[in-house]
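Residue numbers (the numbering used here), protein chains in the order written: chain Y, 437 to 726; chain X, 592 to 1019.
No residue lacks a Cβ here, since even glycine has one placed at the ideal position from N, Cα and C.
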Amino acid sequence: MKKINFAWTNYLYLLPAVLLVAVFFVTSIVYTIRLSFYEYDGFSTMRFVGLENYLYLFRDANFKISLMNTVIWVVFSLLFTLALPLLLAILITNSSWVGGFKNIFYYPTALSSTIGGIIMVAILSKYGIPQLFGLLGFESLVRDWLAIPYVNTFIMILMGTWQGVGLNTILFITGLATIPDSPIEAAKIEGARTIQLYNKVILPLLKPTTVVVLLMSLVNSFKVFDSIWVMTKGGPYRTSETLALTMYQESFIHGKFGVGAAVAVVLTVIILIVSYFNIRNTFGDTDQTA
Amino acid sequence: MSGKKTLSLILAVFLMTGILAACGGGNTAGNAENSAKTGNTPAQTSGKVEFWLDKLGDAEKAARLSEAWKKDSGIDVVFTNYPDVAAYQTSIQQTIDDPGAPGLFTWWSGPQLETLAKNGKLADLSAEWDNYIADGVSADVKEAFTVDGKVYAAPYSLRYTSLLYNVKVFEAAGVAVPTTFDEFLDACEKIKASGVTPIGLKNDSWASFIWFQQLIAAYDPQLYSDLCDGTKPYTDDAVKKVMAIWREMFDKGYFGEPIVYSDLHKEFATGVVAMMLEDSPTVTDLQSDYGMEPGTDIDAFVLPSMNGGKGTIFFEASPIVVTEASASKEQALAALRSFYKPATQTVMVNDHGIANISTISVDNQTIRHILDMTGDSAHYQLMLRFYENTPEDLRNTALDELSRFMYSGADIDDVLNAIQAKADKVFG
């Protein structure tokens, strides 16, 4: 009989991580899913309500606004935190002060979102940047910009871009640095102009970095919370809430833990679906190249 | 030794032990309980109790309050302040059933207090209230903390809302303190004509009820009570009429754009804004941050009734509660019994602008003026503010809808219909 040489020690190395994930991650997921079927205010006895929390959500106008805001955050964040860092990375790598520009654009990333948010509250309040517009004759703009319903979401996205662009720029600069010289030189010899060079050679070779940046930006924009909470708390009248804020608001402010858990489940399902297609494409490409 | 002598010795030792034990326990909760029953005797005791709150971020002020409280009670009250309300509520939820829970913590009156009380999380303070009243706490406040006939809290801070006004702006505009609602509207018009925004608004998502409740009560205080308990619908013609008055005030430019709280204070202090409907502790903030002199630079009045009735002063009663499961419950009860002693309350008045007792001496002229008005029952009446006086679900919807009205000029019928739709569900 053939003896199977089972490497138990390999699994022992994995055990701490598996245990930690099981205790703190899997149990939380299971508990959250279970909680989404209950009515619970944190103090009273939990009451099973079936799908009522989910039905409540999909009937709630605030949830629809929150969902729409999340989509706006994702779309615009992807546009800004993908296109702008790529452009900056290309410009910086071709400049004569690479180190300096890298630092300047990276500094906002070093700040926590909360601190960045607090700074923005001061800068965008009536006595910050709006005063400058007043001096230029635009009196109607002299107001607290973060208090303007719906407009404040786009202002906060720009703020998120200011903080998020640095890391992605660094990743793109690193990605550009790892592209071998030979295909670029070959393309130049073949007569490729700058735009063709980037379109046909450099950007395709940069795709692995682009996918990483895309996935990171995607997940970050779905779960954006801290900066919005600091700047508007989702207001005025819940117009700048995203799903992450709605989850927090329902759970911890309104004391509806069941509804909050239902938002968490919906948010997780959306992220999983979107991530699945991206991950599948990434692995698909890897399989083709392998 | 004979059997009788041995028995006598044992009984004597037993007796002495009992006496010594009784003496030794004189400084503990047992004595504190007695003092509760015998009335307003100082509850000197010893020990330590944790006090959690979300309202006292200034460590120096917390230290001063703790020191005065210890002098009055003998209890070492250890303050833990949470800067974030949600984190605070979560911490309370997670610890409230544990013996290690804080003996004292602040909470919110109304439905939130009711939830804790009905779930048996709080100590019944009904028997303690005679002491608080004897120390000068108004018996009228008791109702705000009563659930099913039992009182579960005592006031940490009583805050009264009134119209704070910049005295110099009023003088420059030639405006006197209005005594009727028409005079108030005239004052707004004159102030606006002088180039000053009559009324400032703060950009806080929860604050949209402040002008709503004040205008409704100015129209008819009974209407306010009826809305809060579901007797009358939000779609009532009287409510629509008040909303139309409010809208007209917006249209005439009497309100400024909602701005950050700190900017609003700055605008008030610098005379960009003439009035703001705020609570009494705001006076001490303006005094310390901008050097505004109470009585000279800043004063207060109550929005006059629209029909010649009494003015309504809304109050917020932030409760202190005692955790039923806490191992330091007895120390908490004893400490709370001394919270309304003069030394402790003097710190509350001087540092926070909060007067919980009528017997305290208040140097701040504006706060004194506000307190005088609260005691003048011939001209003013006290009412619990909308935030704590309305079921939570309905309140949250009302706050959103009233914000929509204020920020975006939403249609009155749309706003009131949306609130009433929620009221129908809440009140059944």
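In terms of Cβ geometry, Y/Ser513 and Y/Thr678 do not form a close pair [threshold 8 Å]. In the DSSP assignment, X/Arg750 is bridged to X/Glu907.
If you ignore the 5 residues before and after Y/Lys562, its C-beta comes within less than 8 Å of the C-beta of Val578, Arg579 and Asp580, all in its own chain and listed in chain order. Its chain contains Thr605, Phe608, Ile609 and Leu612 as the residues whose beta carbon lies nearer than 7 Å to that of Y/Ala525, once the 5 sequence neighbours on both sides are disregarded; these appear in chain order. For X/Pro789, there is no enclosing alpha helix (DSSP H); the enclosing beta strand (DSSP E) has its first and last residue at Thr788 to Ile790.
Flagged as an interface residue toward chain Y: X/Ile850, by a C-beta distance shorter than 8 Å. For the pair of segments examined, the segment 809-818 of chain X was found not to touch the segment 755-771 of chain X: the number of CB pairs separated by less than 8 Å stays below three. DSSP places Y/Val648 inside the alpha helix (DSSP H), whose first and last residues are Lys643 to Phe658. Between X/Thr770 and X/Pro895, the gap from beta carbon to beta carbon is short of 8 Å. In this structure, the CA atom of X/Glu884 is about 54 Å from the CA atom of Y/Leu518.
For Y/Pro585, the closest Cβ of chain X is nearer than 8 Å.
Taking the beta carbon of X/Ser796 as reference, the chain Y residues within 9 Å of it are Thr668, Lys669, Gly670, Gly671, Pro672, Tyr673 and Arg674, listed in sequence order. Take the alpha-carbon of X/Ala650 and the one of X/Arg976: they are about 29 Å apart. Considering only beta carbons, the part of the segment 677-696 of chain X lying closer than 7 Å to chain Y consists of Ala677, Gln680, Thr681 and Gln684, in chain order. By the Cβ criterion, the segment 679-699 of chain Y is in contact with the segment 655-669 of chain Y, since at least three pairs of Cβ atoms, one from each stretch, lie closer than 8 Å.
Secondary structure of Y/Thr678 (DSSP, three-state): coil. Under the Cβ criterion of 8 Å, X/Asn980 is not counted among the residues facing chain Y. Relative to the Cα of Y/Tyr673, the nearest Cα in the group X/Glu762, X/Gly648, X/Leu990 and X/Met834 belongs to X/Leu990. For X/Lys639, the uninterrupted beta strand (DSSP E) run begins and ends at Lys639 to Leu644, by DSSP. At the C-beta level, X/Gly902 and X/Val893 come within 8 Å of one another. Closer than 8 Å to the CB of X/Arg995 there is at least one CB belonging to chain Y.
For a Cβ distance threshold of 7 Å, residue set Glu848 of chain X lies close to Y/Arg579, ordered along the chain. DSSP places Y/Met592 inside the alpha helix (DSSP H), whose first and last residues are Val587 to Thr614. Nearest Cα to X/Asp667 within the set X/Gly944, X/Ile945 and X/Leu927: X/Leu927. Secondary structure note for X/Tyr931: it is in no alpha helix (DSSP H), with a DSSP letter that is neither H nor E. Annotation note: the segment 453-497 of chain Y contains the following uninterrupted alpha helix (DSSP H) runs of length 4 or greater, listed N- to C-terminal: 463-471 and 488-495. Less than 8 Å divides the Cβ of X/Lys783 from the Cβ of X/Tyr845. Distance from X/Ile951 to X/Val938 at the Cβ level is roughly 10 Å; contact not present, criterion being Cβ atoms closer than 8 Å.
Burial is judged here by how many other beta carbons sit within 10 angstroms of a residue's own beta carbon; X/Tyr998 has at least 16 and is buried.
Taking 8 Å as the cut-off, the Cβ atoms of X/Thr826 and X/Asn955 do not count as close. Distance between Y/Asn635 and Y/Asp617, taken at the CA atoms: about 16 Å. Chain X places no beta carbon closer than 8 Å to that of Y/Val660, leaving this residue out of the contacts.
Taking a beta-carbon distance threshold of 8 Å, Y/Lys562 counts as an interface residue toward chain X. Inclusion of X/Lys709 and X/Ser919 in the CB contact set at 8 Å is not warranted, their separation being larger than that value. Closer than 9 Å at the C-beta level to chain Y, one finds these residues of the segment 697-714 of chain X: Gln703, Thr706, Leu707, Lys709, Asn710 and Lys712.
If you compare the alpha carbons of X/Val768, X/Val851, X/Met840 and X/Ser785 with that of X/Ser796, the shortest gap goes to X/Val851.
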